[in-house]
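Here the structure comes first, spelled out in structure tokens, and everything after it is commentary.
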Amino acid sequence: MTLTDAAEQRPRASDIQVGRFYRPIKQLVSLRVDADVLNWFRGRGKKYQTYMNEVLRREMQANERGR
């Protein structure tokens with residue numbers, strides 16, 4: 009198997025099931041978000057950043073499927 013073959017066999021991000029056999033690598037970022045959007049997410053509870061990531065992941069997966 010060549011490196012090209014291996015790259016072609018990599019799963020798409022939308023095919024990966026988080027928590028099954030894959031745990032995504034987290035990356036610290038600085039992101040500017042409208043105050044009302046941030047307040048809405050913070051109102052969801054202590055794990056609002058996790059929820060923000062889940063919302064972004066669902067959007068990414070829906071976009072990759074072509075909605």
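Plus 8 on top of the position in the sequence shown (first one is 1) and you've got this note's numbering. Glycine residues also receive a C-beta, built at the ideal position from the N, C-alpha and C atoms. Keep in mind that this is a model prediction, so the values were computed, not measured.
Residue i and residue j closer than 8 Å at C-beta
i      : j      : result
Arg-66 : Tyr-59 : no
Glu-62 : Arg-20 : no
Contact set for residue i: own chain, Cβ-Cβ below 7 Å, skip 5 residues either direction
i      : result
Arg-31 : none
Phe-49 : Tyr-56, Tyr-59 and Met-60
Residue from the options with nearest C-alpha to residue i
i      : options                           : result
Ser-38 : Gln-57, Asp-44, Arg-50 and Trp-48 : Gln-57
Simplified DSSP state of residue i, which is helix, strand or coil
i      : result
Leu-46 : helix
Gln-35 : coil
Val-6  : Outside the displayed span of the chain (9 to 75) sits residue 6, for which this structure offers no information.
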